[in-house]
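Counting along the sequence shown from 1, when you hit position 45 you're at 1251 in this note's numbering, and nothing is skipped either side.
Each residue gets a CB set at the ideal place from its N, CA and C atoms; glycine is no exception.
Note that the structure is a prediction, hence the values are computed from the model and not measured.
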Amino acid sequence: MTVYPELGGMVRSLALAPAGSETAVPILAGDREEELRENPWFRGRILFPFCDRIPGGIYRFEGREYRLPPNQEDGSAIHGLIYDRPSAVRELHADRLRLRWRLGEDPGYPFQVELELHYQLADSGLTMDYRITNRGAASAPVGFGWHPYFTLPGTTSDELLLTIPCTSFVEVEEDLTPTGRMLTVSEAAGRYDFRTPRALGPEEYDIAFPADPAEKGLTATISSAQHRIDLSIYGSFRYYQLFTPPDRESVALEPISNVTDAFNRSDMGMRILAPGESLSARVELALGLE
């Protein structure tokens, strides 16, 4: 596993050995060397204190308007504030890493919040434990996530089999802003129905699947004829976001706590932390043989 604490804790590469095998298999598509700073697709980045997009970078919280610095051509703010920011390394070992970020002086986000992220590596799996704490004297809106792009050797992204055990999806406008409605996956001609394994195919996706309640754990899978990736989420994660990049070399299946425009609406995953309050979440990633 290759992690960059100086670039927002990005997981650039990960190779796991399935149980019973001594051969490690690379399962993540990461930035090329020349892309590390530009980071065009947020590959492997940690998303905090919000994920997905805030249109125009503008949101209202407790009666006050805030303006985040835009990082998209349309003026939107996307995927938080730490994706290119150095972290404090709290613990470093061959099989585990603990990082910390503390916010509080950012334009458009003056809230005193902290993220601690603990990576624990095993031969066949990776666990990522998130803990978010409000260290300030005022309530704070928060969201978080991870943006991994998955691949398996010997299989094109279109051939990957995907299983997402969710019964609904977030309906969006043409600009991908949520309408506020959740539709069943049997609607939209079944385009978003991945309850049983099926090939990703040539379709383009950028859609969220509500995963409530994640406290007890929920597992999505990406598989080929030889291997199976299990992506499990727990705690305060509320959605899987499915995204197919234009290069079609991988597929992003993102554990996220909120979707687009969440800071402006209460129905899209925004969490509000009172002073001193914490919340936690976990991602478990495992590789097995089919």
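Taking the beta strand (DSSP E) that Gly1494 belongs to, which residues open and close that run? 1484-1495
What is the DSSP secondary structure of Ala1221, counted as helix, strand or coil? strand
At 3 residues or longer, and completely inside the stretch 1393-1456: list those beta strand (DSSP E) runs for me, N to C. 1412-1416, 1424-1429, 1433-1441, 1445-1449
Beta strand (DSSP E) containing Val1378: first to last residue? 1374-1378
Suppose only complete runs of 4+ residues qualify. What are the alpha helix (DSSP H) ranges in the stretch 1248-1277, listed by chain order? none
Starting from the C-beta of Thr1390, find all residues in its chain whose C-beta is less than 7 Å away, skip the five residues before and the five after it, and write them out in chain order. Thr1373, Ser1374
Could you check whether Tyr1446 and Ala1417 sit closer than 7 Å to each other, using their CB atoms as the reference points? yes
Considering only DSSP beta bridges, list what His1324 is partnered with. Arg1304, Asp1335
Comparing alpha-carbon positions, which option in Leu1220, Ala1235, Asp1237, Gly1236 lies nearest Thr1229? Leu1220
Based on the DSSP secondary-structure assignment, which residues constitute the bridge partners of Ala1458? Tyr1355, Phe1449
Other residues of its chain near Gln1201: CB distance less than 8 Å, five sequence neighbours each side excluded: Residue 1201 lies beyond the stretch modelled for the chain, which goes from 1207 to 1496, so this question has no answer here.
Per DSSP, cross-strand counterpart(s) of Val1319: Asn1340
Does the Cβ of Asp1329 have 16 or more other Cβ atoms within 10 Å, making it buried, or fewer, making it exposed? exposed
Excluding five sequence neighbours on each side, which residues of the same chain lie with their C-beta closer than 6 Å to the C-beta of Gly1163? Because residue 1163 is not part of the residues shown, which for the chain are 1207 to 1496, the question remains open.
Looking at the structure shown, is Asp1312 part of a helix, part of a strand, or coil, going by DSSP? strand
Within a Cβ cutoff of 7 Å, which residues of the same chain sit near Gly1281, ignoring the five residues on either side of it in sequence? Gly1262, Gly1263
DSSP state of Ala1235 mapped onto helix, strand, coil: coil
Taking Asn1340 as the reference, which of Glu1490, Arg1477, Arg1488, Leu1493 has the closest Cα? Arg1477
Pairwise C-alpha distance: Ser1363 and Arg1434: 14 Å
Apart from the five residues just before and just after Val1348, which ones in its own chain have a Cβ nearer than 7 Å to its Cβ? Pro1255, Val1319, Ile1338, Arg1477, Leu1479
Does DSSP put Pro1246 in a helix, a strand or coil? coil
Beta-carbon within less than 6 Å of Gly1494's beta-carbon, same chain only, minus the 5 sequence neighbours each way: which residues are those? Pro1224, Arg1434
Give me the residue from Leu1213, Gly1250, Ala1346 with the minimum Cα distance to Ala1294. Leu1213
Start and end residues, beta strand (DSSP E) containing Thr1385: 1384-1390
With H, G and I counted as helix, E and B as strand and the rest as coil, what does DSSP make of Leu1368? strand
Go ahead and pull the three-state DSSP assignment for Leu1213. helix
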